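Trainee: Residue numbers (the working numbering): 3 to 423.
Below is a structure I'd like to ask you about.
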Ligand SMILES: Cc1ncc(COP(=O)(O)O)c(C=O)c1O
């Protein structure tokens, strides 16, 4: 339908104030955080230890360690898997940078594998070709909340005696062939930052079923100690450690949010599935795909624009940015989450992470990051946009309909999008 776009002075598809903020704060959050404030300690206290038990039970794993970020959890998981200096780790070419930089934290070398176009997750059929005698682990990222191809990943890992770390930072509540994400690999990392499905400002969990592996990872949590503060630390660095602890206040907030997590996930699923239905048949729009047996928690509803069909294959990112600008002017809260493949990011492309070429030069690594190896990741970067907040509780299906209306309006009026500055 031809309508004047809001960016050119038309009226908005989404009225001002229609999208409610995430996460919803209730009296439970207020009560628990205030009680922690008045409690016996602001570092590791009763909320901290209870939260770890509750998250382990909720996730279906034996052990969970609460920490200050998903990045810290990934780093702990890698070290737990005995990945170290000069070892190689397989990482998808398109993900959040810390799925790769966690390797560099321990002088290990990320080796990138292209993504599969349809799922946006690592292309499991390409992993074997990237394995060398130095390879120790694979980071299986469940990107946007869609499960990676874990059967294939676990099979290749088993064949080559590699560990698998699930990056579940976006994957709370996700199921893969009936099993919860985070329970299938050797260890996993979750994030609780502001945008995540379990949201409490910042935070994360390192989880594992393997007690020995878990204990090794835990050493990083608090300066290389192996005892917890509540059992009396010796103040000895038994190994190389960081300071990855969070606080009792954040633990209380996370506990309160965890109590509502199933409700939040159910609302997100209902809203995302409704949006998915509303967008069916939209011209030049590629909706997300869920292969059989895979789950989706709809952390990020990511769509692609068919740049070839629209005649913009050569200037895809620039035209996508105009489309996103037009949609945002309509009130659609969409954005470009990651606009670059990870191997294109400066610290990695220039192999300059710690300066003087380290860890690549000091480990004599000759890994190649040329982008022509990752055509799907490169293409995806210019074609996509995605949204998180509008589909989260307390937003409802009406908000999903408004999002769909704003997206459709821009795509129905491409002649006007061409004129967006
Ligand atoms: C896929 C993925 N991995 C890792 C992280 C890192 O989590 P955090 O921001 O809590 O360090 C994020 C968070 O943005 C993520 O989306």
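By construction, the Cβ of each residue, glycine as well, lies at the ideal position given by its N, Cα and C atoms.
Keep in mind the model is a prediction, meaning the values are calculated, not measured.
1) To the nearest angstrom, how far is the alpha carbon of residue 390 from that of residue 374?
2) Relative to the C-alpha of residue 394, which candidate in 142, 83, 274 and 180 has its C-alpha closest?
3) Report the residue from 292, 257, 345 and 185 whose alpha carbon sits nearest the alpha carbon of residue 30.
4) Excluding five sequence neighbours on each side, which residues of the same chain lie with their C-beta closer than 8 Å to the C-beta of residue 12?
5) Just tell me which of 147, 145 and 114 has its CA closest to the CA of residue 134.
6) Report the three-state DSSP secondary structure of residue 105 (helix, strand or coil).
7) Go to residue 155, then tell me how far its alpha helix (DSSP H) extends in each direction, as first and last residue.
8) CB-CB under 6 Å to residue 62, same chain, minus the five flanking residues each way: which ones, in chain order?
9) Find the nearest neighbour of residue 19 within the set 401, 168, 119 and 309, judged by alpha-carbon distance.
10) Name, in chain order, the residues that DSSP records as bridge partners for residue 90.
11) Considering only C-alpha positions, which residue in the set 144, 214 and 107 is nearest to residue 292?
12) Does DSSP put residue 234 in a helix, a strand or coil?
13) Between which two residues does the beta strand (DSSP E) holding residue 209 run?
14) Around the Cβ of residue 104, are there at least 16 other Cβ atoms within 10 angstroms (buried) or fewer (exposed)?
15) Work out the CA separation of residue 123 and residue 229 for me, nearest whole Å.
16) Measure the alpha-carbon distance for residue 310 versus residue 304 and round it to whole angstroms.
17) Buried or exposed, going by whether 16 or more other CB atoms sit within 10 Å of the CB of residue 45?
18) Quick one: what does DSSP say residue 184 is sitting in, helix, strand or coil?
19) Between which two residues does the alpha helix (DSSP H) holding residue 304 run?
20) For ligand 1, any of its heavy atoms closer than 6 Å to the Cβ of residue 171?
21) Compute the beta-carbon to beta-carbon distance between residue 222 and residue 81, rounded to the nearest angstrom, for a pair I have assumed lies under 8 Å.
22) Does the stretch 330-340 touch the stretch 408-417, meaning 3 or more C-beta pairs lie closer than 8 Å?
23) Using DSSP bridges, identify the partner residues of residue 389.
24) Looking only at its own chain, which residues have a Cβ that is under 7 Å from the Cβ of residue 324, when we skip the five neighbours before and after it?
25) Judging by CA-CA distance, which residue of 406, 248 and 386 is the nearest neighbour of residue 121?
26) Since residue 158 and residue 187 should fall inside the 8 Å C-beta cutoff, what is the C-beta to C-beta distance between them, to a whole number of angstroms?
27) Please go through the stretch 309-346 and give each complete alpha helix (DSSP H) segment of 4 or more residues, from N-terminal end onward.
28) Contact criterion: CB-CB distance below 7 Å. Does residue 54 meet it with respect to chain D?
29) Ignoring anything shorter than 3 residues or poking outside the stretch 44-90, list the beta strand (DSSP E) runs there in chain order.
30) Kindly identify the DSSP beta-bridge partner or partners of residue 263.
31) Between residue 126 and residue 147, which are expected to be in contact by the criterion C-beta below 8 Å, what is the C-beta distance as a whole number of angstroms?
32) So, using beta-carbon positions, are residue 99 and residue 378 closer together than 7 Å?
33) Put residue 269 into one of helix, strand or coil per three-state DSSP.
34) Using alpha carbons as the reference points, say which of 164, 337 and 150 lies closest to residue 170.
35) Three or more beta-carbon pairs under 8 Å between the stretch 348-356 and the stretch 84-93, yes or no?
36) With three or more C-beta pairs closer than 8 Å as the rule, is the stretch 41-61 touching the stretch 106-113?
Mentor: According to the structure shown:
1) 30 Å
2) 274
3) 257
4) For residue 12, where only same-chain residues beyond five positions count, the Cβ hits under 8 Å are 5 and 6.
5) 114
6) helix
7) 152-161
8) 182 and 185
9) 401
10) BP columns for residue 90 point to 111 and 137.
11) 144
12) coil
13) 206-210
14) buried
15) About 37 Å.
16) 18 Å
17) exposed
18) coil
19) From DSSP, residue 304 is part of no alpha helix (DSSP H) but of the beta strand (DSSP E) over 303-307.
20) yes
21) Yes, residue 222 and residue 81 are in contact; Cβ-Cβ is about 6 Å, under 8 Å.
22) yes
23) 303
24) 419 and 422
25) 386
26) Taking C-beta atoms under 8 Å as the contact rule, residue 158 and residue 187 fail to qualify, at a distance of about 13 Å.
27) 318-331, all fully within the stretch 309-346.
28) No chain D appears in the structure shown, which is made up of a single protein chain.
29) 65-69
30) Per DSSP, none; premise fails for residue 263.
31) Residue 126 to residue 147, Cβ: 18 Å. No contact.
32) Not closer than 7 Å, so no.
33) helix
34) Residue 170 has its Cα closest to that of 150, out of 164, 337 and 150.
35) no
36) no
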